[in-house]
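J.:
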Amino acid sequence: MNKGNNNNIWEKKYQIGFNQLNPEGKMHLFALFDLIQEAAWLHAEEIGFGYKFVTKHQKSFVLYQTDFKIIRPPECNESITVKTWASDINNLFAEREFLILNLKGEILVQVSSQWLLIDNIKRRIIKPNILQSFNYSVVKHKLLDQKKIRIPKSNLSKIRAIQHKVNYSEIDINGHTNSGRYTEWIQNILEERFKLNPTSSFNICFMHETHLNDEIQISLYQNKETYFIEGKNCNTVCFRASLKE
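Numbering (my numbering), first residue to last: 135 to 379.
#1: Considering only C-alpha positions, which residue in the set 149, 198, 368 is nearest to residue 312?
#2: Would you check if there are 3 or more beta carbon pairs closer than 8 Å linking the segment 253-263 to the segment 167-180?
#3: In chain order, what residues of the same chain lie with their CB nearer than 6 Å to the CB of residue 291, ignoring the 5 residues before and after it?
#4: Tell me the rounded alpha-carbon separation between residue 372 and residue 235.
#5: Is residue 225 closer than 7 Å to residue 261 when the C-beta atoms are compared?
#6: Taking contact to mean 3 or more Cβ pairs, one atom from each stretch, closer than 8 Å, check whether the segment 165-172 and the segment 205-225 are in contact.
#7: Per DSSP, what kind of secondary structure is residue 191 in: helix, strand or coil?
#8: Within the continuous beta strand (DSSP E) that includes residue 183, where are the two ends?
#9: Extract the residue ranges of the alpha helix (DSSP H) inside the segment 297-348, only unbroken runs of 4 or more that lie entirely within it.
#10: Does the pairing of the segment 259-279 with the segment 216-232 give three or more beta-carbon distances under 8 Å?
#11: Tell me the rounded alpha-carbon separation between residue 159 and residue 190.
#12: Just verifying my parser: in three-state terms, what is the DSSP assignment at residue 229?
#13: When DSSP labels each residue in this structure, what does residue 353 get in the three-state scheme?
#14: In the DSSP output, which residue or residues are listed as bridge partners for residue 174?
#15: From residue 136 to residue 377, what does the alpha carbon distance come to, in whole angstroms?
#16: Report all residues from its chain with a CB closer than 6 Å to the CB of residue 345; omit the five preceding and five following residues, and keep chain order.
#17: To the nearest angstrom, how far is it from the Cα of residue 326 to the Cα of residue 269?
#18: Excluding five sequence neighbours on each side, which residues of the same chain lie with their C-beta closer than 6 Å to the C-beta of residue 196?
#19: What did DSSP end up calling residue 205 once you bin it into helix, strand or coil?
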């Protein structure tokens with residue numbers, strides 16, 4: 135593993151495995167999502183904000199919004215390098231960037247993400263600027279301009295809706311549904327309508343936690359070349375996502 139100065143930029147090489155591939159032989163969207171989650175966790179462990187920090191201080195990072203720009207998805211047996219760094223801390227979010235590169239150093243995927251810091255006992259949001267007292271370092275280099283996901287009210291067609299019951303295997307160490315599983319739900323409702331073509335984008339915002347046995351109503355909409363997906367638990371919106379070819 136090669137590291138940036140003072141461990142501020144983390145990187146690791148991976149080879150794309152068979153179980154990460156879609157029917158076209160390219161990396162599944164949910165596999166991309168799982169990959170960046172792993173990178174964030176490993177970097178957090180390396181700089182002292184991993185499992186020991188969570189258990190000692192009873193604070194956790196949870197994803198709020200993640201934006202992908204997919205120039206080309208990684209393919210079967212391809213060797214890639216994943217890089218990540220913390221890019222900012224403000225009054226609401228801790229922000230983190232990800233790059234996925236091929237062996238030539240060409241950019242395949244760019245990701246910008248926003249994370250909330252949560253008090254595990256009170257289940258409340260904490261201002262992440264308290265991380266500065268723990269020597270949390272940032273590299274001020276933001277990859278993508280993140281904007282709020284809004285589903286348009288006009289020229290919108292509802293394509294279909296499905297019901298999903300949250301399974302035990304989808305629950306993570308924080309006691310709620312792992313963020314990557316939402317991406318699986320999205321792929322399942324899209325079926326073959328969306329494939330990761332060059333310059334495609336995927337954005338998802340996690341608005342409320344879901345838990346074991348929750349019944350999630352997932353709806354798919356289309357506005358011109360953009361798909362929108364919304365998940366609700368009863369009348370509460372859990373997540374919104376958009377995909378564009």
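Ideal Cβ positions, reconstructed from N, Cα and C, are used throughout, including at glycine.
T.: Reading it off the structure:
#1: 198
#2: no
#3: 356
#4: 32 Å
#5: yes
#6: yes
#7: helix
#8: Counting along the chain, residue 183 falls outside any beta strand (DSSP E), and DSSP gives it neither H nor E.
#9: 313-324
#10: yes
#11: 43 Å
#12: strand
#13: strand
#14: Residue 174 is not bridged to any residue.
#15: Here residue 136 scores only 42 on pLDDT, less than 50, and its place in the model should not be relied on; the value that follows carries that caveat. Each residue's Cα considered, the two are about 33 Å apart.
#16: 310
#17: 46 Å
#18: 250, 252
#19: coil
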